[in-house]
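Just so we're on the same page, the numbering used here is the position in the sequence shown counted from 1, plus 1346. The beta carbon of each residue, even a glycine, is placed where N, CA and C say it ideally should be.
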Amino acid sequence: MIIVLFGPPAAGKGTQAKRIKDKHRVAHLSTGDMLRAAIAQGTDIGKKAKALVDGGLLVPDDVVIGIIAERIESEDCAKGFILDGFPRTLGQASALDAMLAAKKRSVMHVILMDVDQSRLTKRVETRVAETLARGEPVRPDDSLDKFKERLKVYNEQTLPTLPYYEAQGKVRRVDGMQTIEGVGAQIDAILSDEKSGKMGARP
Ligand code: AMP
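Structure below.
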């Protein structure tokens, strides 16, 4: 089961990816988390990525494609995985298809988290307040101006990837404005339809 969670920043992809991971026992691959870890560790990739990540801009395709290509070789990805924040460009989407085809695997669903973008800013403000209340550091790219930049990057560079997956008949939409449980139930319905064969067999 290889799932792509697709949607703008603060749509709740990370939260839902963790739910799916726990429920279906598949790996959760977040390129954002991997890049933040590389930055924290001060690796070469981290050093190259820091200014871009902090500024809300995309890291070059070859960097994230390399990270994912290495990660999916791990044993915990054998059963399946959820991609959260990858692919973000057409180049990443086609590279993903090529690397999966070489393993005779393919993306099963692209789950689009449909959200009202005008309400996302409020979500980010809440996320920042909650993080501060826990005494944890706030992500540099969660400031309001950086968040607006991330949304612009999504609309200009990531959203145009959707027709690529629509042409493959893989896009499933969920109403991302519902509660965490409500969104999770919609995703579970999509995944259980697949398991029970209602969507037809897919490789
Ligand atoms: P996220 O945690 O998914 O919101 O990602 C945080 C930041 O990491 C993004 O704003 C980008 O700077 C970088 N990033 C994460 N995933 C990708 C990707 N697939 N392609 C390029 N940059 C990425």
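Residue i - DSSP class collapsed to helix/strand/coil
| i | result |
| --- | --- |
| residue 1518 | strand |
| residue 1376 | strand |
| residue 1429 | strand |
| residue 1462 | coil |
| residue 1351 | strand |
| residue 1552 | Look at the range of the chain in this structure, 1347 to 1549, and you will see that residue 1552 is not part of it. |
| residue 1405 | coil |
| residue 1536 | helix |
| residue 1470 | helix |
| residue 1457 | strand |
| residue 1523 | coil |
| residue 1382 | helix |
| residue 1528 | helix |
| residue 1617 | Because the chain here runs from 1347 to 1549, residue 1617 falls outside it and cannot be looked at. |
| residue 1449 | coil |
Local Cβ density within 10 Å of residue i, reported as buried at 16 or more and exposed below that
| i | result |
| --- | --- |
| residue 1490 | exposed |
| residue 1430 | buried |
| residue 1424 | exposed |
| residue 1518 | buried |
| residue 1434 | buried |
| residue 1353 | buried |
| residue 1525 | exposed |
| residue 1487 | buried |
| residue 1389 | exposed |
| residue 1528 | exposed |
Nearest neighbour of residue i, chosen from the options [CA to CA]
| i | options | result |
| --- | --- | --- |
| residue 1508 | 1488, 1446 and 1440 | 1440 |
| residue 1419 | 1510, 1480, 1375 and 1478 | 1375 |
| residue 1379 | 1359, 1371, 1369 and 1366 | 1359 |
| residue 1558 | 1387, 1405, 1444 and 1391 | Look at the range of the chain in this structure, 1347 to 1549, and you will see that residue 1558 is not part of it. |
| residue 1426 | 1459, 1469, 1432 and 1372 | 1372 |
| residue 1533 | 1495, 1455 and 1451 | 1455 |
| residue 1356 | 1469, 1531 and 1451 | 1469 |
| residue 1523 | 1350, 1348, 1362 and 1476 | 1362 |
| residue 1451 | 1401, 1459 and 1442 | 1442 |
Distance cut-off 7 Å: residue i Cβ against heavy atoms of the ligand HEM
| i | result |
| --- | --- |
| residue 1378 | Of the ligands this structure carries, namely the ligand AMP, none is the ligand HEM. |
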